[in-house]
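Under the numbering used here, the first residue of the sequence shown is numbered 13, with each subsequent residue one higher.
Quick reminder that beta carbons are idealized off the backbone N, C-alpha and C, glycines included.
Computed from a prediction, not measured in an experiment: that's the story for all the values here.
Below: one structure, written as structure tokens.
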Amino acid sequence: MGDLILNRQDAKVAKFRERCRQGESLQQITKKPNVWFTTLELPYDFTSPFNGEEYVLLVINCDSQLSNEQENGLAGQFVATGCRNAFCAGYGCSRFHDAIDWAYMNTDTTGNFDPPDDTHIMTSWYEDEEVEEVLETMF
Numbered sequence: 013m014g015d016l017i018l019n020r021q022d023a024k025v026a027k028f029r030e031r032c033r034q035g036e037s038l039q040q041i042t043k044k045p046n047v048w049f050t051t052l053e054l055p056y057d058f059t060s061p062f063n064g065e066e067y068v069l070l071v072i073n074c075d076s077q078l079s080n081e082q083e084n085g086l087a088g089q090f091v092a093t094g095c096r097n098a099f100c101a102g103y104g105c106s107r108f109h110d111a112i113d114w115a116y117m118n119t120d121t122t123g124n125f126d127p128p129d130d131t132h133i134m135t136s137w138y139e140d141e142e143v144e145e146v147l148e149t150m151f
């Protein structure tokens, strides 16, 4: 994967990628609100720092080669660990949004795609917004 910048979207992803490179592990950024930052490397695996508590997630996908299988695996991990609101940006952000929605729908054990309302997840994607704009929406 090269760092060639081809268009406006790729320029944004290059900024996201640079921010990702600067953080090597899970780090708490602020306590009020409780904000953490982490980067994920291959093989992608997510562990929530919130010990089963519900949380809001900002996903910035910096990997243009992320497979559907990897995306779906991460989406399932987000849902299983208590994500209740996911903001998606970066490469394929609308696909990530959909993967999280489907992971949530698949939590219905009856097979009717009707999970309980108390576990509802709100998802959104931001294809053309800067990180700062997405953060303003979050907070």
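Cβ-based burial, residue i [other Cβ within 10 Å; buried from 16]
{"i": "H132", "result": "exposed"}
{"i": "N73", "result": "buried"}
{"i": "G123", "result": "exposed"}
{"i": "S60", "result": "buried"}
{"i": "T149", "result": "exposed"}
{"i": "L69", "result": "buried"}
{"i": "G102", "result": "buried"}
{"i": "L86", "result": "buried"}
{"i": "E83", "result": "buried"}
{"i": "A98", "result": "buried"}
{"i": "D75", "result": "buried"}
{"i": "F90", "result": "buried"}
{"i": "T121", "result": "exposed"}
{"i": "F151", "result": "exposed"}
{"i": "F125", "result": "exposed"}
Three-way DSSP call (helix, strand, coil) for residue i in this model
{"i": "Y116", "result": "helix"}
{"i": "T122", "result": "coil"}
{"i": "E141", "result": "coil"}
{"i": "F151", "result": "coil"}
{"i": "E36", "result": "With a pLDDT of 43 at E36, under the threshold of 50, the modelled position of this residue cannot be trusted; read the value that follows with caution. Three-state result, E36: coil."}
Start and end residues, beta strand (DSSP E) containing residue i
{"i": "T135", "result": "M134 to Y138"}
Sequence ranges, alpha helix (DSSP H) only - wholly within the region 50 to 101, length at least 4: 80 to 92
When the Cβ atoms of the region 139 to 149 are set against those of the region 111 to 125, are three or more pairs found closer than 8 Å? no
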